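K.L.:
Residue numbers (my numbering): 1 to 147. We put the beta carbon where it would ideally sit given N, CA and C, even for glycine. Just so you know, these numbers come straight off a predicted model, no measurement behind them.
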Amino acid sequence: MSGPSISTPSSSTPSMSTSGMSPPQSTEDDARRTAEARAAVTATLSSVGSAYDIDLQRRAADLHANSKAIEKQERELAKQTAGLAKQSAQWEKMIGKSTKQLNEIGDVQNWAEVMERDLLRIEETLRLVEGRADQGNISGTNVPRTT
């Protein structure tokens, strides 16, 4: 009973029916999933980057504003320093003038003391020449001596 063998298509032989469409559809699903994953990662990175970018932009704006404030303070400080230098020069000039005047007063005081001593000598000399008695005054004053 052996006759010619008839071959029947086996399941291992490729056919154009259902199994032929399966690999292309799987590749399309993989590509779609990969694209979705890339889009999700890109969106996440963009979101994180945006958060950092906003923070960095805020900091840069603060630095810029602070820089402007510091420049304004620097200009004001330079003005005040110039004003203080001018006032200091005026005070230095006034101190020099006052010192000179005090020296002149000291010179006048010394001159007055010298003149007073000279006048006392002249007075004493005239008293001796005229033969008057000592009046008992303390030298240089009209206050009588007390004993």
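I need the DSSP call for A133, collapsed to helix, strand or coil.
P.N.:
One-based indexing of the sequence shown puts residue 133 at position 133. Note: A133 maps to coil in three-state DSSP.
K.L.:
Pull up the distance between the alpha-carbon of I105 and that of R121, whole angstroms please.
P.N.:
Position 105 of the sequence shown holds residue 105. Position 121 of the sequence shown holds residue 121. I105 and R121 have their alpha carbons spaced roughly 24 Å apart.
K.L.:
Expressed to the nearest angstrom, what Euclidean distance is found between the alpha-carbon atoms of D118 and W111?
P.N.:
If you number the sequence shown from 1, residue 118 lands on position 118. If you number the sequence shown from 1, residue 111 lands on position 111. Rounded to the nearest angstrom, the two C-alpha atoms are 10 Å apart.
K.L.:
Excluding five sequence neighbours on each side, which residues of the same chain lie with their C-beta closer than 8 Å to the C-beta of M21?
P.N.:
On the sequence shown, position 21 is the one that residue 21 refers to. Note that M21 scores 49 on pLDDT, short of 50, meaning its location in the model is unreliable; the coordinates nonetheless yield the value given after this. There are no such residues.
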